[in-house]
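S.K.:
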Amino acid sequence: MKSSRSKSVFCIVSLFFCFTLFSREANLINNSTFAYGMKCWKYIGSTPVEKLARGIRISGGTLMHYIDLGNLEHAQPDCAAPAGRQFRFRIRAKGKGKFRLGVRSRLMYGGNALEFAETESGFFELEKDLQNFDFESVSADPDTVFHDKLTVHLAEGTEMEIVSSSFFYLDVKGPELVFEPSAAAVRPGDTVKVSLYSSEPERKFTCSLYTGQFLPGGYFPAKHWETTCGKDGRAEITFTVPFEAPDGVRLSVRDLTSGVKADFFATILPEKMLHRYRKYAENISGRQHFLFLGDSLSDYDRGRNYISLLTCFLPPEYSVRNCGVGGDTLLRIRQRLNGEKTVRNEMYDQIFSPKPDTIFILTGANDSKLMSRNDYQTYVPENEQIALWDEIVAALKKKSGAKIVLITAPDSYMPYQKALYMPLKAKKYNHSIFGIPEVHDRFNARLRQIAGKHGLDVIDFAAAVRRHPDPQELYVQDDGVHLSLKGHQLLCGEILNYLATGKMFQITSAGEKSLTGELSFRGNDRIRILNSSDINADKNGLTVITAVTPCDNGTDKRKDASAALDMYVFKDRQFFFGRYENRLYANFHDGVRYCGHTMSVPGNFPESGRESQAAVVFEPRSGGCAVKLFLNGVPVGEKIFSGKFPESNRNFIELGSGWGGPWHFRGEINGVWTFSRALSDVEIRCFFEQQNKRSEN
9 MKSSRSKSVF CIVSLFFCFT LFSREANLIN NSTFAYGMKC WKYIGSTPVE KLARGIRISG
69 GTLMHYIDLG NLEHAQPDCA APAGRQFRFR IRAKGKGKFR LGVRSRLMYG GNALEFAETE
129 SGFFELEKDL QNFDFESVSA DPDTVFHDKL TVHLAEGTEM EIVSSSFFYL DVKGPELVFE
189 PSAAAVRPGD TVKVSLYSSE PERKFTCSLY TGQFLPGGYF PAKHWETTCG KDGRAEITFT
249 VPFEAPDGVR LSVRDLTSGV KADFFATILP EKMLHRYRKY AENISGRQHF LFLGDSLSDY
309 DRGRNYISLL TCFLPPEYSV RNCGVGGDTL LRIRQRLNGE KTVRNEMYDQ IFSPKPDTIF
369 ILTGANDSKL MSRNDYQTYV PENEQIALWD EIVAALKKKS GAKIVLITAP DSYMPYQKAL
429 YMPLKAKKYN HSIFGIPEVH DRFNARLRQI AGKHGLDVID FAAAVRRHPD PQELYVQDDG
489 VHLSLKGHQL LCGEILNYLA TGKMFQITSA GEKSLTGELS FRGNDRIRIL NSSDINADKN
549 GLTVITAVTP CDNGTDKRKD ASAALDMYVF KDRQFFFGRY ENRLYANFHD GVRYCGHTMS
609 VPGNFPESGR ESQAAVVFEP RSGGCAVKLF LNGVPVGEKI FSGKFPESNR NFIELGSGWG
669 GPWHFRGEIN GVWTFSRALS DVEIRCFFEQ QNKRSEN
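Note that the sequence shown covers residues 9 to 705 in this note's numbering.
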């Protein structure tokens, strides 16, 4: 499996309170939180800090800024293990007297065993006019896992006014390093063989193997050794995944001359998951180039995120390019596609070379965040989202002709989110709220609307997260927005399932049931299925799929037009589903009534005498239910209802029946299938395709 990517951005660390930015000159001193009294620095001195319109004034003492390690690690894994990399700490200041700058390195020897080492500049002399003061250096110790503190030491009697400061790694000239394969999915005890390719031959490298992927120094002391690439620029590296590794290993390789480094991740997957994913891979063949667009859910954790894991299971003829950009929205994606200026435009450089066969899009986390400064409206206005989707799809189709697959945006894990925004809200500070389920429901409903309009496929990752027995483990504790390793593994599986079931449909739910049992006729127009009383829309939801060939397009000529109603499937005090004239119609019972939960959408049914496949999905949501309707594998509508979800009962399923009539059925019911969970859009589409193939055969 080949990985296609744009050149790495080496100048990667600019710090702004607790957020990672990609600009080179992020201001540590004067920022949006400063006005609210929040400080991203600590001052130790005999005189108080004087806040200025731009920056601060201090006299003597020491000013310190602590870097947020966790957020940097997710945004740019290269920030970890920076030994040998040249950095620059810059401040812009004026005044009188002398000062020096310091950068502290955190050295970790496994687990929580750590030491600190500070590298300091010589003294700088202040002048009356503002100027930049730069401190450049290198931390050579191979056990350096992070730079974690920046310090300004003022000599006694020094008066200093600081207006900005920044810290970043320099883009040092050196070899480009590429691993083949680009990542690995493994078990404890596996031996991993990886080839390192250097653009410059006969270079010497330091290799460091860390046990564990997110604890910077690993859970045990790292192993260090040296290797050299040959005249062809290639070096073969072999290592064994320790049995004590909790989630995998990180291999960091650093060029001894330039400090340029690259990381290779081997991620441990549970045995059953690994077996299932490899089974999916057996049904994926051919040659394709995949392009991924999205936000930080795709951009963060490169080397171990869902896209990197996917490459571990794809055939060698496949290639992948990850153009995810942290902070992205529908607006930014459209701007880059149209050549407009926005952040990190370089991520889309030559995006259609080679031309992708399939484009996957995962966005919504930033589009749907609510902002206190905007009266808790979504960041991208909801009434603009459909138009933005239309423009994105049009641009992608025109420029690539690729198949487009949309991925629904998952909710946040709200307890983690609340732990972040509630203290800010209590102090009346500006804050954002990510991933509120009701807001994401609306975003995903528009996404499905776009998919239906343009004939796009949908991978319902949001539903997979809600079905998961422990959603908490799918998110990092930092914010409840970004995916943990387990979250990435789940999404990787959803995509593999989609790719595999395009050729062979598989549903593993034990609740799958085809209603082909003993039938009982009631009057002239009702059929009761006697083995169906255990079918219920329970906590996992329910999917009902019908294959129907209607007569007279649903109109009974013996009755007036108001009787042009086909009721396919009915379960008393639960739900009913069918056709209302030329519309798909569904309703469910909330324990009190039906009529408060009616849904009706245009059906565009085929001519009389031709079979169509209609489906309804009842999916439990917090405080209510989502109802989705499909015709011939394509989503045609979705609606969210509040109120109690239907309770289980022992009533039978009936065909050609319904509550409140006059219901009847004229035609042929060729099949009815139920599933004791809410199937994803992809599963329903694949089911339809499978039934079509069977009909053709």
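Where is the CB? At the ideal position from N, CA and C, for every residue including glycine.
No experiment lies behind these values; they were computed from the predicted model shown.
Please give the ranges of any beta strand (DSSP E) in the stretch 424-493, keeping only runs that are unbroken, at least 3 residues long and fully inside the region.
M.R.: Taken in chain order, the complete beta strand (DSSP E) segments of 3 residues or longer contained in the stretch 424-493 are 465-467.
S.K.: Using a threshold of 8 Å, state whether the C-beta atoms of residue 764 and residue 374 are closer than that.
M.R.: Beyond the ends of the chain as shown, which are 9 and 705, falls residue 764; an answer cannot be given.
S.K.: In the DSSP assignment, the alpha helix (DSSP H) including residue 283 goes from what residue to what residue?
M.R.: 279-290
S.K.: Run the CB neighbour count on residue 255, radius 10 Å, all protein chains shown included, and call it buried at 16 or more, exposed below.
M.R.: buried
S.K.: What does the alpha-carbon distance come out to for the pair residue 367 and residue 488?
M.R.: 27 Å
S.K.: Is DSSP giving residue 276 helix, strand or coil here?
M.R.: Assignment of residue 276 by DSSP, reduced to helix, strand and coil, places it in the strand class.
S.K.: Span of the alpha helix (DSSP H) holding residue 343?
M.R.: 338-345
S.K.: Rank 223, 209, 258 by C-alpha distance to the C-alpha of residue 237 and give the top, closest one.
M.R.: Out of 223, 209, 258, 209 has the C-alpha closest to the C-alpha of residue 237.
S.K.: Roughly how many angstroms separate the alpha carbons of residue 299 and residue 144, rounded to a whole number?
M.R.: 38 Å
S.K.: Taking the alpha helix (DSSP H) that residue 408 falls in, what are its first and last residues?
M.R.: 390-408
S.K.: Just verifying my parser: in three-state terms, what is the DSSP assignment at residue 597?
M.R.: The answer is coil: DSSP assigns residue 597 none of H, G, I, E or B.
S.K.: Measure the alpha-carbon distance for residue 245 versus residue 260 and round it to whole angstroms.
M.R.: Approximately 11 Å, taken between the alpha carbons.
S.K.: Thinking C-beta only, is residue 302 closer than 8 Å to residue 369?
M.R.: Against a cut-off of 8 Å, the Cβ pair of residue 302 and residue 369 comes out as a contact.
S.K.: I need the straight-line Cα distance from residue 485 to residue 424, nearest angstrom please.
M.R.: Straight-line Cα distance between these residues: approximately 6 Å.
S.K.: In its own chain, which residues sit with a C-beta less than 7 Å from the C-beta of residue 634, not counting the 5 before and 5 after it?
M.R.: Taking C-beta separations shorter than 7 Å and ignoring five residues to either side along the sequence, the partners of residue 634 in its chain run 449, 627, 646, 648, following chain order.
S.K.: How about the stretch 342-362 and the stretch 313-325: do they share at least three Cβ pairs that are nearer than 8 Å?
M.R.: no
S.K.: By how many angstroms is the C-alpha of residue 91 removed from the C-alpha of residue 105?
M.R.: 33 Å
S.K.: Could you check whether the stretch 262-275 touches the stretch 456-472, counting it as contact only if at least three pairs of C-beta atoms, one from each stretch, sit closer than 8 Å?
M.R.: Too few Cβ pairs lie closer than 8 Å, so no.
S.K.: Nearest to residue 4 by alpha carbon, out of 417, 355, 662, 364?
M.R.: Only positions 9 to 705 of the chain appear in the structure, and residue 4 is not among them; the question remains open.
S.K.: Measure the C-alpha to C-alpha separation of residue 681 and residue 583 and round it to an integer number of angstroms.
M.R.: 15 Å
S.K.: Going by C-alpha to C-alpha distance, which of 130, 149, 151, 136 sits closest to residue 142?
M.R.: Ranking 130, 149, 151, 136 by Cα distance to residue 142 puts 130 first.
S.K.: Could you check the C-alpha separation between residue 158 and residue 247 for me, to the nearest Å?
M.R.: So the alpha carbons of these two residues sit roughly 36 Å apart.
S.K.: Cutting at 6 Å between CB atoms, please list the residues of its own chain near residue 40, excluding the five before and the five after it.
M.R.: The predicted position of residue 40 is uncertain, since its pLDDT is 41 and thus under 50; a value taken from the coordinates is nonetheless stated next. Hits under 6 Å: none found.
S.K.: For residue 67, which residues from the same chain have a beta carbon less than 6 Å from its beta carbon, with the 5 sequence-adjacent residues on both sides left out?
M.R.: 55, 167
S.K.: Please go through the same chain and pick out, in chain order, the residues whose beta-carbon is closer than 7 Å to the beta-carbon of residue 555, but skip the five residues on each side of it.
M.R.: 619, 621, 678, 679, 699
S.K.: Within a Cβ cutoff of 6 Å, which residues of the same chain sit near residue 399, ignoring the five residues on either side of it in sequence?
M.R.: 342
S.K.: Verify the contact flag: residue 49, CB atom, against every heavy atom of the ligand GTP, threshold strictly below 7 Å.
M.R.: Summarising the ligand content, the structure contains no ligands, and the ligand GTP is consequently not present.
S.K.: Can the beta-carbon of residue 656 be found less than 8 Å from the beta-carbon of residue 631?
M.R.: Inclusion of residue 656 and residue 631 in the CB contact set at 8 Å is not warranted, their separation being larger than that value.
S.K.: Residues in its own chain within less than 6 Å of residue 266 by CB, not counting five upstream and five downstream?
M.R.: 180, 182
S.K.: Could you have a look at residue 590 and say whether DSSP puts it in helix, strand or coil?
M.R.: coil
S.K.: Can you give me the C-alpha to C-alpha distance between residue 338 and residue 314, rounded to a whole angstrom?
M.R.: 21 Å
S.K.: Closest by CA to residue 64, which one among 101, 88, 75?
M.R.: 101
S.K.: Assuming the contact rule is C-beta atoms closer than 8 Å, residue 220 and residue 153 should be a hit. Round their C-beta distance to whole Å, please.
M.R.: Rounded, the Cβ-Cβ distance is 11 Å, inconsistent with contact.
S.K.: Secondary structure at residue 256, three-state DSSP: helix, strand or coil?
M.R.: strand
S.K.: Is DSSP giving residue 505 helix, strand or coil here?
M.R.: helix
S.K.: Any idea what DSSP makes of residue 320, helix, strand or coil?
M.R.: coil
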